[in-house]
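Residue numbers (this note's numbering), protein chains in the order written: chain A, 272 to 576; chain B, 8 to 443.
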Amino acid sequence: MTTAAPLSTTPVSKSEGKKLSAASSAKSKLTSPWASLVAIVIAVLWTIPTFGLLVSSFRPEDQIKKTGWWTFFSDPTLTLDNYRAVFDAENGVNLADYLLNSVVITIPAVLIPLCLASLAAYAFAWMNFPGKNFLFITIFALQIVPLQVTLLPLLQLFVTMDIDGTFWTLWLSHSTFALPLAIYLLHNFIKEVPSSLIEAARIDGAGHVSIFFRVLLPLLTPALAAFGIFQFLWVWNDLLVALTFTGAPEISPMTVQLSNLSGTRGTAWYLLSAGAFVSIVIPVTVFLLLQRYFVRGLLAGSVKG
Amino acid sequence: MGLVFGLSACGDSKETDSGTTDSSAAAIDCTPYTAFGDIKGKTVTIYTGIVTPEDKPHIDSYKPFETCTGATIKYEGDKAFETQVLIRAEAGNPPDLAFVPQPGLLQRLVATGKAKEAPAETAANVDKHFGKDWKAYGTVDGKFYAAPLGANVKSLVWYSPTEFKDSGYAVPTTLAELKTLSDKMVADGKKPWCAGISSGEATGWPLTDWMEDFMLRLSGPEAYDKWVSHGIPFNGPEATAALDAVGGYLKNDQYVNGGLGDVKSIAGTTFQDAGLPILDGTCSLHRQASFYAANFPKDKKVAADGDVFAFYLPGETADSKPVLGGGEFVVAFADRPEVKAFQTYLSSDTWANAKAKLSSGWVSANKGLDPNNLTNPVDKLSAEILQDPNATFRFDGSDMMPAAVGSNAFWKQTTAWITGQDTKTTLDKIEAAWPK
Numbered sequence: 272m273t274t275a276a277p278l279s280t281t282p283v284s285k286s287e288g289k290k291l292s293a294a295s296s297a298k299s300k301l302t303s304p305w306a307s308l309v310a311i312v313i314a315v316l317w318t319i320p321t322f323g324l325l326v327s328s329f330r331p332e333d334q335i336k337k338t339g340w341w342t343f344f345s346d347p348t349l350t351l352d353n354y355r356a357v358f359d360a361e362n363g364v365n366l367a368d369y370l371l372n373s374v375v376i377t378i379p380a381v382l383i384p385l386c387l388a389s390l391a392a393y394a395f396a397w398m399n400f401p402g403k404n405f406l407f408i409t410i411f412a413l414q415i416v417p418l419q420v421t422l423l424p425l426l427q428l429f430v431t432m433d434i435d436g437t438f439w440t441l442w443l444s445h446s447t448f449a450l451p452l453a454i455y456l457l458h459n460f461i462k463e464v465p466s467s468l469i470e471a472a473r474i475d476g477a478g479h480v481s482i483f484f485r486v487l488l489p490l491l492t493p494a495l496a497a498f499g500i501f502q503f504l505w506v507w508n509d510l511l512v513a514l515t516f517t518g519a520p521e522i523s524p525m526t527v528q529l530s531n532l533s534g535t536r537g538t539a540w541y542l543l544s545a546g547a548f549v550s551i552v553i554p555v556t557v558f559l560l561l562q563r564y565f566v567r568g569l570l571a572g573s574v575k576g
Numbered sequence: 008m009g010l011v012f013g014l015s016a017c018g019d020s021k022e023t024d025s026g027t028t029d030s031s032a033a034a035i036d037c038t039p040y041t042a043f044g045d046i047k048g049k050t051v052t053i054y055t056g057i058v059t060p061e062d063k064p065h066i067d068s069y070k071p072f073e074t075c076t077g078a079t080i081k082y083e084g085d086k087a088f089e090t091q092v093l094i095r096a097e098a099g100n101p102p103d104l105a106f107v108p109q110p111g112l113l114q115r116l117v118a119t120g121k122a123k124e125a126p127a128e129t130a131a132n133v134d135k136h137f138g139k140d141w142k143a144y145g146t147v148d149g150k151f152y153a154a155p156l157g158a159n160v161k162s163l164v165w166y167s168p169t170e171f172k173d174s175g176y177a178v179p180t181t182l183a184e185l186k187t188l189s190d191k192m193v194a195d196g197k198k199p200w201c202a203g204i205s206s207g208e209a210t211g212w213p214l215t216d217w218m219e220d221f222m223l224r225l226s227g228p229e230a231y232d233k234w235v236s237h238g239i240p241f242n243g244p245e246a247t248a249a250l251d252a253v254g255g256y257l258k259n260d261q262y263v264n265g266g267l268g269d270v271k272s273i274a275g276t277t278f279q280d281a282g283l284p285i286l287d288g289t290c291s292l293h294r295q296a297s298f299y300a301a302n303f304p305k306d307k308k309v310a311a312d313g314d315v316f317a318f319y320l321p322g323e324t325a326d327s328k329p330v331l332g333g334g335e336f337v338v339a340f341a342d343r344p345e346v347k348a349f350q351t352y353l354s355s356d357t358w359a360n361a362k363a364k365l366s367s368g369w370v371s372a373n374k375g376l377d378p379n380n381l382t383n384p385v386d387k388l389s390a391e392i393l394q395d396p397n398a399t400f401r402f403d404g405s406d407m408m409p410a411a412v413g414s415n416a417f418w419k420q421t422t423a424w425i426t427g428q429d430t431k432t433t434l435d436k437i438e439a440a441w442p443k
């Protein structure tokens, strides 16, 4: 007893000590004033272009065309003309309409893959059925198919299904492109939930449905939020898929109109800074509101357990 | 079909909204279009690369047709048109009509088998109102598909009328005079020319226009056609002479790059910015197409007595008037009566004049177009150049060459050329890139 106790504790404390020292050294490295300074410098450097864009969007046309945004500080002239122009339905585009389209496209395109993927991930993690591993590997492998190769066949399919030129094309295609990664990520997360939890629920008489909704779903929230943000940003910023499938200005999202904003021969490119700012308002808001989940969800998979 | 009806419902409400504000929809003679049958309530979809702000005059110019026939025109502008229209044609989801800016793209669309030949009524209009050269560009394998729509003139040199007046310069009428004028400006202590070729993926295209203009002037239209169709080699003596002539201007340290830097700054300046130094007086001459007018800030007057204007890039002699230009062609993917009727409307002088009254920065090669209907002085100048009986029109060659040359090697090699590569290497490399 007396000899066994130190034997069993020594390696544990040793490894814990190692862990601690690694963690604490990382902590001390990350919290040193120099590291903070570097982090601040990097943050400032990365914000400068966006800041320049913001400044540009308020400058008059001839100044944008002739001088850089930094000359704003020596010669500050502000105008709202650019913003007026991008919301001017009479003489050009009204980005507000397309902002709405983007919202209508993005929300289902985020919710559909989240619902399907969480259910599928549960099935792959906690249910047994023939061909499970093969199916899972197939879905995992689908991630390597570049979505560009599917564009033309998908469009042909949508034409035969007679849903071309509707929002369905975008909802369905964004969902299918998102599913492999979503299932894989959520599966890894669900798999890490301790089996005792599931078994306890099962002993209490819960079926798959109540296990999923009552036990797993609350635990899954950070992971769902993290993937939700990924998918939201991806769909919101997507141009290629929207260009290929929309085929009617009534349903085209912000990005398509933004790419058209500069005019047939790019002569109105000075409007782009204002247009770009209108288009990033919503993603930035979403990100700022949900960023807690974003970081937590990213770490959750590896640290939990 | 259900989809088309659903969309047309949306389009209807929009049309009536804007229709109430627009009073310029003059009544037109409807008989040529009602001859196709009753098309009231039908919808024609258009897909084009013409986007804001140039799309508005287009949409408004369809009003007379919509009012008299009761059909609805649904317009979709998309800057990615050139790639997307092929995808849509191949996927079986093409629009009713597409405005194709390149004869080469027209050929590829016809090759998908989805394009429809132009109706006889449209062909008759084209025979009546357009030159043979224009009809030929809309013809593939002997079948006439696409009627010309708009046009633009590339053989223009932008200048400042005020500067010309103050310094006593005259607009040159021959290439030799242009050279003399440039030298005179150098003697006055100026850097006469400014140029810029940066344009994202398409960097280099303004140089292809320069070279085509000189090819057309120095070797004549026949040699130009052969050069474009590869009947003579890309690196032959004609092409060498043309590119060297361009080099005489753009690779000449005394001539360029007014207000922007040295010769190398041409590669780094965007084509949109390249002509702006004219407004500051740091540059006197800038060769660019008619559409460049839209690039000058709105508070500058573009006119013969204004801040900036253009003159025709002269030919070898004062009588020879080769014109390099571009334009769009209307190709149909459907042969329903309403589509045919609208195609015919677009090829008529009625439409050309209606459009002329509404737009600025637009011109057509339609001979029925009355230049007095054009409000913009540059458009008027372009129309006069196009309708000049001595004018020989040739389409932008790089738009007709195979994509591997016209939108790849030609751009890239001329960019390398402006940054120092010699003429022979440049032309040899483009010749080598021509698909066998």
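Think of the CB as a built atom: it goes at the ideal place given N, C-alpha and C, for glycine as much as any other residue.
Inset, instruction - Out of B:K49, B:I392, B:L113 and B:S68, state which residue places its alpha-carbon closest to the alpha-carbon of T90 (chain B). - result: B:L113
Legend entry - Three-state secondary structure assigned by DSSP to R330 (chain A): coil
Legend entry - Beta-carbon proximity check, P524 (chain A) vs S373 (chain A), cutoff 8 Å: yes
Inset, instruction - Flag P213 (chain B) as yes if its beta-carbon sits less than 8 Å from any beta-carbon of chain A, otherwise no. - result: no
Inset, instruction - Determine the burial state of T432 (chain B): buried for a count of at least 16 other Cβ atoms within 10 Å of its Cβ, exposed for fewer. - result: exposed
Legend entry - Distance CB(S355 (chain B))-CB(N132 (chain B)) smaller than 8 Å: yes
Inset, instruction - Report yes or no: is there a C-beta of chain A within less than 8 Å of the C-beta of P444 (chain B)? - result: There is simply no residue 444 (chain B) to check, as chain B begins at 8 and stops at 443 in what is shown.
Inset, instruction - Run the CB neighbour count on D406 (chain B), radius 10 Å, all protein chains shown included, and call it buried at 16 or more, exposed below. - result: buried
Inset, instruction - Could you confirm whether any beta carbon from chain A is found closer than 8 Å to the beta carbon of G266 (chain B)? - result: no
Inset, instruction - Following the continuous beta strand (DSSP E) through L3 (chain B), name the residue where it begins and the one where it ends. - result: As shown, chain B starts at 8 and ends at 443. That puts residue 3 (chain B) outside it, with no answer to give.
Legend entry - Which listed residue (A:T447, A:P424 and A:E361) has its alpha carbon closest to that of G99 (chain B): A:P424
Legend entry - Minimum C-alpha distance to F43 (chain B) - residue among B:S327, B:I425, B:K443 and B:R343: B:R343
Inset, instruction - Give a yes or no on whether 8 Å exceeds the smallest Cβ distance from W389 (chain A) to chain B. - result: It should be pointed out that residue 389 (chain A) corresponds to Ser in this sequence rather than to Trp. So no, S389 (chain A) is outside the interface.
Inset, instruction - Determine the contact status of N302 (chain B) and C201 (chain B), defining contact as a CB-CB distance below 8 Å. - result: no
Legend entry - Neighbour flag for D406 (chain B) against chain A, beta carbons, 8 Å: no
Inset, instruction - Return the chain-ordered list of same chain residues with a C-beta closer than 6 Å to the C-beta of Y231 (chain B), the five sequence neighbours on each side being excluded. - result: M222, L223 and R401
Legend entry - Any C-beta of chain A under 8 Å from that of I94 (chain B): yes
Inset, instruction - Starting from I415 (chain A), follow the alpha helix (DSSP H) in both directions and report where the run begins and ends. - result: From DSSP, I415 (chain A) is part of no alpha helix (DSSP H); its letter is neither H nor E.
Legend entry - Coarse secondary structure for N383 (chain B), derived from DSSP in three states: coil
Inset, instruction - Step through the CB atoms of chain A and report whether any lies within less than 8 Å of the CB of D386 (chain B). - result: no
Inset, instruction - Can you give me, in chain order, the residues of the region 332-356 of chain A that have a beta carbon less than 7 Å from any beta carbon in chain B? - result: E332, D333, K336 and K337
Legend entry - In DSSP terms, what T38 (chain B) is bridged to: Paired residues: none, contrary to the question.
Legend entry - Coarse secondary structure for P179 (chain B), derived from DSSP in three states: coil
Inset, instruction - Tell me whether K135 (chain B) is buried or exposed, calling it buried when 16 or more other Cβ atoms sit within 10 Å of its Cβ. - result: exposed
Legend entry - Collapsed DSSP secondary structure at Y541 (chain A) in the structure displayed: helix
Inset, instruction - Report the rounded CA-to-CA distance for T79 (chain B) versus K139 (chain B), giving the unit in angstroms. - result: 32 Å
Inset, instruction - Note down, in chain order, all residues in the region 194-222 of chain B with a beta-carbon under 8 Å from any beta-carbon belonging to chain A. - result: S206
Legend entry - Helix, strand or coil at T52 (chain B) [DSSP, three-state]: strand
Inset, instruction - Could you tell me whether the region 273-292 of chain B touches the region 148-167 of chain B, where touching means 3 or more Cβ pairs closer than 8 Å? - result: yes
Legend entry - Spatially closest choice to I35 (chain B) from B:W418, B:L376, B:E73 and B:A296, by CA coordinates: B:E73
Legend entry - Short-range partners of chain A found in the region 52-85 of chain B, where Cβ spacing is below 7 Å: G56, I57, V58, T59, P60, E61, K63, E83, G84 and D85
Inset, instruction - Please name the residue or residues paired with H458 (chain A) in a DSSP beta bridge. - result: Per DSSP, none; premise fails for H458 (chain A).
Legend entry - DSSP state of W441 (chain B) mapped onto helix, strand, coil: coil
Inset, instruction - Can you tell me which of A:F516, A:T447, A:V375 and A:T302 puts its alpha carbon nearest to the alpha carbon of D433 (chain A)? - result: A:F516
Inset, instruction - Kindly identify the DSSP beta-bridge partner or partners of K419 (chain B). - result: None, per the DSSP bridge assignment.
Legend entry - Buried versus exposed, by CB contacts within 10 Å (16 or more), P489 (chain A): exposed
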